[in-house]
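**Student:** First, the structure itself, so that you have it in front of you.
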Amino acid sequence: MNRRAFTTMFASSAAILLLATAPSQAEPKVGAPAPAFSAVNSEGKTVKLSDFSGKTIVLEWTNDGCPYVRKHYGSGNMQALQKKWTDQGIVWLSVISSPPGEEGFADGARANSLTVERKASPTAVLLDPKQQVARAYGATVTPHMYIIKPDGTLAYAGGIDDKPTTRPADVKDAKNFVDAALAELKAGKPVSTPATRAYGCTVKYSS
Amino acid sequence: MVSDILSRALIACLCVFTLALASARAQDAADLAKVELLAEPAAIAPGEPFTVGIKLSMKEHWHTYWRNPGDSGEPTRVTWKLPRRFAAGDLQWPTPSLIRVGPAANFGYEGETILLARVTPPRDLKSGTTANLAADVAYLVCEKICIPGEASVSLSLPVSEAGASSPGNAVFDAARSKLPQTSPWNATFSADARAITLSLRSDALRGDTIRSATFFPHDNTLIDNAAPQVLRTEGQTTLVTIERSQIAKSMPPRIDGVLLLEEDIGGKTVPHAFAIEATPSAAFAAGEGGMNLFYAVISALLAGVILNFMPCVFPVLSIKILHLTEHRAETPRRVRLHGMAYALGIIASFTILAGVLQALRAGGAEIGWGFQLQSPLMVAALAFVLFALGLSLSGILTIGTSLTRVGDSRLLQRDGLSGSFFAGVLATVVATPCTAPFMGASIGFALVQPFAVGLMVFLALGLGLALPFMALAFAPGLQRLLPRPGRWMETLKQFLAFPVYATVAWLIWVLSFQVSPSGLLGALAALVLIAFAAWAFNLSLGLSNVSARAAKGMAAASIAGVVALVLVIDLNRLAGANVESAASKVPSEAFSQQKLDALLASGQPVFVNMTAAWCITCLVNERTALSTGAVREALAGKRIAYLKGDWTNRNPEITRLLEKFGRSGVPLYVLYRSGSEPVILPQILTQSLVLDALKQI
Numbered sequence: 008m009n010r011r012a013f014t015t016m017f018a019s020s021a022a023i024l025l026l027a028t029a030p031s032q033a034e035p036k037v038g039a040p041a042p043a044f045s046a047v048n049s050e051g052k053t054v055k056l057s058d059f060s061g062k063t064i065v066l067e068w069t070n071d072g073c074p075y076v077r078k079h080y081g082s083g084n085m086q087a088l089q090k091k092w093t094d095q096g097i098v099w100l101s102v103i104s105s106p107p108g109e110e111g112f113a114d115g116a117r118a119n120s121l122t123v124e125r126k127a128s129p130t131a132v133l134l135d136p137k138q139q140v141a142r143a144y145g146a147t148v149t150p151h152m153y154i155i156k157p158d159g160t161l162a163y164a165g166g167i168d169d170k171p172t173t174r175p176a177d178v179k180d181a182k183n184f185v186d187a188a189l190a191e192l193k194a195g196k197p198v199s200t201p202a203t204r205a206y207g208c209t210v211k212y213s214s
Numbered sequence: 159m160v161s162d163i164l165s166r167a168l169i170a171c172l173c174v175f176t177l178a179l180a181s182a183r184a185q186d187a188a189d190l191a192k193v194e195l196l197a198e199p200a201a202i203a204p205g206e207p208f209t210v211g212i213k214l215s216m217k218e219h220w221h222t223y224w225r226n227p228g229d230s231g232e233p234t235r236v237t238w239k240l241p242r243r244f245a246a247g248d249l250q251w252p253t254p255s256l257i258r259v260g261p262a263a264n265f266g267y268e269g270e271t272i273l274l275a276r277v278t279p280p281r282d283l284k285s286g287t288t289a290n291l292a293a294d295v296a297y298l299v300c301e302k303i304c305i306p307g308e309a310s311v312s313l314s315l316p317v318s319e320a321g322a323s324s325p326g327n328a329v330f331d332a333a334r335s336k337l338p339q340t341s342p343w344n345a346t347f348s349a350d351a352r353a354i355t356l357s358l359r360s361d362a363l364r365g366d367t368i369r370s371a372t373f374f375p376h377d378n379t380l381i382d383n384a385a386p387q388v389l390r391t392e393g394q395t396t397l398v399t400i401e402r403s404q405i406a407k408s409m410p411p412r413i414d415g416v417l418l419l420e421e422d423i424g425g426k427t428v429p430h431a432f433a434i435e436a437t438p439s440a441a442f443a444a445g446e447g448g449m450n451l452f453y454a455v456i457s458a459l460l461a462g463v464i465l466n467f468m469p470c471v472f473p474v475l476s477i478k479i480l481h482l483t484e485h486r487a488e489t490p491r492r493v494r495l496h497g498m499a500y501a502l503g504i505i506a507s508f509t510i511l512a513g514v515l516q517a518l519r520a521g522g523a524e525i526g527w528g529f530q531l532q533s534p535l536m537v538a539a540l541a542f543v544l545f546a547l548g549l550s551l552s553g554i555l556t557i558g559t560s561l562t563r564v565g566d567s568r569l570l571q572r573d574g575l576s577g578s579f580f581a582g583v584l585a586t587v588v589a590t591p592c593t594a595p596f597m598g599a600s601i602g603f604a605l606v607q608p609f610a611v612g613l614m615v616f617l618a619l620g621l622g623l624a625l626p627f628m629a630l631a632f633a634p635g636l637q638r639l640l641p642r643p644g645r646w647m648e649t650l651k652q653f654l655a656f657p658v659y660a661t662v663a664w665l666i667w668v669l670s671f672q673v674s675p676s677g678l679l680g681a682l683a684a685l686v687l688i689a690f691a692a693w694a695f696n697l698s699l700g701l702s703n704v705s706a707r708a709a710k711g712m713a714a715a716s717i718a719g720v721v722a723l724v725l726v727i728d729l730n731r732l733a734g735a736n737v738e739s740a741a742s743k744v745p746s747e748a749f750s751q752q753k754l755d756a757l758l759a760s761g762q763p764v765f766v767n768m769t770a771a772w773c774i775t776c777l778v779n780e781r782t783a784l785s786t787g788a789v790r791e792a793l794a795g796k797r798i799a800y801l802k803g804d805w806t807n808r809n810p811e812i813t814r815l816l817e818k819f820g821r822s823g824v825p826l827y828v829l830y831r832s833g834s835e836p837v838i839l840p841q842i843l844t845q846s847l848v849l850d851a852l853k854q855i
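Protein chains in written order, with the working numbering: chain A, 8 to 214; chain B, 159 to 855.
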């Protein structure tokens, strides 16, 4: 084996080794403990993941300017989902990760008025203008949905349903993964579709 | 007062600002991405397919998406609205770019892109009419924010019998050049829980010229789109390791997508994209198929036993059994030793065979069991050995493993244990052309395992091969069942020659695919010489000194003739696909400096193409710009000689020519004309470029 080939192989093996051991910036693994976070909600209070231990938690990344988010809010789909499940005791956290100046940015006041306008019923709206929570969860788009089981492990990560369009008419016939997963968790069954490709507008990471 | 004005001004500003913001927000998608429908020909001919394109022109920094948009976004959707009985084919997507948005990755197009489609009009379309083609295009155009858009585009084309023969539509040629090419290499994939590895195998691919590789799968759920993809080469295999997404639970039966390779050409990095259809590699499929070591060993054992009854091995086994019959007077211990010597011969041969096979594969050769049959020399050698064995059985030649003469209970010197050992070796050698049920799967499994594991399977095969004879040697009860020696043994022995001859015939048939008719004649002549040598040698055994030597001399001469004929066979190999036959429909001659000088001296213009099988850019140029009918006509029409230099295995003449033009590598395209300086064409060719250059002659 000539020297060049050896160097190439060595370098690429090293690269592979590094790749294998490097912490992945991708989504957290379903079945693994959900990443901890701490964020300020729209009321100005600091909220931590551990505050809700023992409960089923839904994280919903939202951006009110995004056509995909509007599809679900405009059709009442998201609000219905929120009401149905918060009534059953799950914790629903909407997360706004847009930085100031970008589409979807909201301060506490605006977040609250949005909730009222949209007739939404999340347990809390988390303000994440530095995308810290988004990075921890590898959120790529809005809406990006995560479900955390009472024991703290991630049960679902992905899209809200299987029709990746902006057409409100597609909501009716779509298979809603979040609804299905929550129903399965309630019945004590394992989640049959634990990961799907999330669709929507990209989360506005400032870096 | 002032505060009044100020507050009003503030409100006004706010209103204007909000309005501006709102209007910017309600910015028409149409401003951000212009959609047009283009058609390649100026007129449609009835029944003749033509190409149309949906052109999307995005505002700076904005992009639309590929068929797999990546982590976010939506692919452009086209709904055709064509006249009745017009049929539109699938959209042809140009190679996408990787667009990073924070930690996410999208696949799409910035600037401008044209999605092509083939449209076939009905045959009975009336000339003189006009066809109205239309399409509804739904797209998502994004920068940081995304705006969905819809556009309806249309185009009218006249219908004329002759159609429109526009010699070339530059816009469409450029669009086609952006489509991924069909891959000339065999692509396979394997996967573990974390990553997928795509393998491209080719004798011709050289890893050190590829700078980077990016794979864009058609399937949205397959990979982690943003994760870096690692490129490495192992001998003649180029490997791309891609991290999986956690969405796809199991691997699909096939992975389709586009592989973008960047090749180093004389200091420049040139991108080339190929459409890949990867199938599971043998190792992966074997793993997936549930074959494990235990099952492989068992099936190898079974296969070995069955091999005994194949026409190649059966004669050898039968000879050993007849041997046993003859020597029933021997002590049981000696008989058992014979059995073990035979088994040892088989196992030793299988170990060596397995070792050779693994060593060759480790060196990058794409071979499997039966690899020996891929070499015409091996096939010929096997045919000769088997033919000699057949001659021995027929009685023309007597060698150590044959029976003694009928009725003669005298033992030949070489009937010792070494005889049994070499019988085992012979059995293995003659077993190689044959296959048995269960063999394929178990050997396929063995070859992709580490050597020690694979060896176990091969040894199991060997054991199976040895088993029937060993069983006989170790079971006196069975031996008693053997018939008593007699005349029938000679007849049986002669009869057994025929399955061996049948195998020889089959091997010659295999050889006929690997060598030209002259080579085949060489092999057949060699067989004749072997038969002659056998007869001469046998004759010499019964003759006195001088005549014996003469006869042996004739035998030796014949063997020498066989060796010479082996060289003839080797020289007459049928070449596999090479640079010449692969893509080119344009007649060319092989380059040599002498030929070039001669042609130039005669005043004929010459087009020289220096290429190599491992040069991707050369390959792409060949397919897109040099093998087309238009180029062929131009070369023929202007009587331009076409010389192709194959630099796959370095050629000093070609190297010198490259140096003359200040180049150290391929491709090099030079157009020589009498009376002026030679013109060097760029390293990345398009058909129009070549035609323009040829036009100047």
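Think of the CB as a built atom: it goes at the ideal place given N, C-alpha and C, for glycine as much as any other residue.
Give the DSSP-derived three-state secondary structure of Q250/B in the structure shown.
**Tutor:** Three-state DSSP puts Q250/B in a strand.
**Student:** Answer yes or no: does any C-beta atom of chain A fall closer than 7 Å to that of N378/B?
**Tutor:** With 7 Å as the cut-off, N378/B counts as an interface residue toward chain A.
**Student:** In its own chain, which residues sit with a C-beta less than 7 Å from the C-beta of A455/B, not counting the 5 before and 5 after it?
**Tutor:** The question names Ala, but residue 455/B in the sequence shown is Val. For V455/B, where only same-chain residues beyond five positions count, the Cβ hits under 7 Å are M614, V615 and A618.
**Student:** In this structure, does DSSP put V824/B in helix, strand or coil?
**Tutor:** In the structure shown, V824/B sits in coil (DSSP, three-state: anything other than H, G, I, E or B).
**Student:** Opposite Y223/B in the DSSP bridges: which residues?
**Tutor:** Note: Y223/B sits in a beta bridge opposite P233/B and G266/B.
**Student:** Along the chain, where does the alpha helix (DSSP H) that runs through S716/B open and close?
**Tutor:** Per DSSP, S716/B belongs to the alpha helix (DSSP H) from N703 to L729.
**Student:** Give, in chain order, every residue of the segment 172-184 of chain A whose Cβ lies closer than 8 Å to some Cβ of chain B.
**Tutor:** Answer in chain order: T172 and T173.
**Student:** Specify, as a first and last residue, the run of the alpha helix (DSSP H) that S676/B falls within.
**Tutor:** Start and end: P675 to L699.
**Student:** Applying the criterion that 16 or more other CB atoms from any shown protein chain within 10 Å of the CB defines a buried residue, is K193/A buried or exposed?
**Tutor:** The residue is exposed, with fewer than 16 neighbouring Cβ atoms inside 10 Å.
**Student:** Can you tell which of G207/A, D186/A, K182/A and A164/A has the C-alpha that lies nearest to the C-alpha of P35/A?
**Tutor:** Of the candidates G207/A, D186/A, K182/A and A164/A, the one whose C-alpha sits nearest the C-alpha of P35/A is A164/A.
**Student:** Take the Cβ of D71/A as the centre, count every other Cβ of all protein chains shown within 10 Å, and call the residue buried at 16 or more, exposed below.
**Tutor:** The residue is buried, with at least 16 neighbouring Cβ atoms inside 10 Å.
**Student:** What does DSSP give as the partner residue(s) for L195/B in the beta ladder?
**Tutor:** The partner list for L195/B (beta bridge, DSSP) reads I212/B.
**Student:** Restricting to Cα atoms, I'd like to know which of P840/B, V789/B, R359/B and R225/B is closest to K853/B.
**Tutor:** Out of P840/B, V789/B, R359/B and R225/B, V789/B has the C-alpha closest to the C-alpha of K853/B.
**Student:** Does the segment 494-510 of chain B come within contact of the segment 674-685 of chain B, defined as at least 3 CB pairs closer than 8 Å?
**Tutor:** No: fewer than three Cβ pairs fall under 8 Å.
**Student:** Quick check: the segment 456-463 of chain B against the segment 365-376 of chain B, are at least 3 beta-carbon pairs closer than 8 Å?
**Tutor:** Taking 8 Å as the limit for Cβ pairs, the verdict is that the segment 456-463 of chain B does not touch the segment 365-376 of chain B.
**Student:** Go ahead and pull the three-state DSSP assignment for A164/A.
**Tutor:** A164/A falls in the strand class under three-state DSSP.
**Student:** Where do the N-terminal and C-terminal ends of the beta strand (DSSP E) with F765/B fall, by residue?
**Tutor:** Counting along the chain, the beta strand (DSSP E) containing F765/B begins and ends at V764 to T769.
**Student:** Is there at least one non-hydrogen atom of the ligand ZN closer than 6 Å to the beta-carbon of W805/B?
**Tutor:** Ligands are entirely absent from the displayed structure, and the ligand ZN is therefore not among its contents.
**Student:** To the nearest angstrom, report how far apart A127/A and E392/B are at their CA atoms.
**Tutor:** Cα to Cα, A127/A sits roughly 57 Å from E392/B.
**Student:** Compare the beta carbon distance of P534/B and L669/B with 7 Å and say whether it is the shorter of the two.
**Tutor:** Closer than 7 Å, so yes.
**Student:** Since Y206/A meets chain B, which of its residues come closer than 7 Å, beta carbon to beta carbon?
**Tutor:** Near Y206/A (Cβ distances below 7 Å), the residues of chain B are S230.
**Student:** Kindly indicate if chain B contains any beta-carbon less than 7 Å away from that of Q32/A.
**Tutor:** With a pLDDT of 47 at Q32/A, under the threshold of 50, the modelled position of this residue cannot be trusted, and the question is left open.
**Student:** Which two residues bound the contiguous beta strand (DSSP E) that contains L621/B?
**Tutor:** Element bounds for L621/B: not the beta strand (DSSP E) but the alpha helix (DSSP H), F609 to F632.
**Student:** What do you reckon, are the CB atoms on A718/B and A694/B nearer than 7 Å?
**Tutor:** No, these two residues do not count as a Cβ contact at 7 Å.
**Student:** Which of helix, strand or coil does DSSP assign to I163/B?
**Tutor:** In this structure, I163/B counts as helix in the three-state DSSP scheme.
**Student:** If you follow the beta strand (DSSP E) that N290/B is part of, which residue opens it and which one closes it?
**Tutor:** T288 to C300 is the span of the beta strand (DSSP E), which, as asked, contains N290/B.
**Student:** Do P106/A and S199/A have their CB atoms nearer than 7 Å?
**Tutor:** The answer is no: Cβ separation not under 7 Å.
**Student:** Tell me the rounded alpha-carbon separation between L239/B and T209/B.
**Tutor:** It should be noted that the sequence gives Lys, not Leu, for residue 239/B. Each residue's alpha carbon lies about 15 Å from the other.
**Student:** Report yes if the CB atom of V583/B is closer than 7 Å to the CB atom of G503/B, and no otherwise.
**Tutor:** Contact: yes.
**Student:** Taking the DSSP output, what are the residues bridged to C208/A?
**Tutor:** In the DSSP output, where bridge partners are listed per residue, C208/A has T149/A.
**Student:** Could you name the residues of the segment 775-809 of chain B whose beta carbon sits closer than 9 Å to any beta carbon of chain A, in the order they occur along the chain?
**Tutor:** Taking 9 Å as the Cβ-Cβ cut-off against chain A, none of the residues of the segment 775-809 of chain B qualify.
**Student:** Starting from the beta carbon of K302/B, find every residue of chain A whose beta carbon is closer than 8 Å, and list them in chain order.
**Tutor:** In chain order: E109, E110, T209 and K211.
**Student:** Does G228/B come out as helix, strand or coil in the three-state DSSP assignment?
**Tutor:** G228/B: strand per DSSP, three-state reduction.
**Student:** Chain A beta carbons: is any one of them nearer than 7 Å to that of G260/B?
**Tutor:** True, the Cβ-Cβ gap to chain A drops below 7 Å.
**Student:** Measuring CA to CA, which of F749/B, T427/B and R334/B is closest to T253/B?
**Tutor:** When each option's Cα is compared against that of T253/B, the closest is R334/B.
**Student:** Give the DSSP-derived three-state secondary structure of F13/A in the structure shown.
**Tutor:** In this prediction, F13/A has a pLDDT of 49, which is less than 50 and means its spatial position is unreliable; nothing more can be read from the coordinates.
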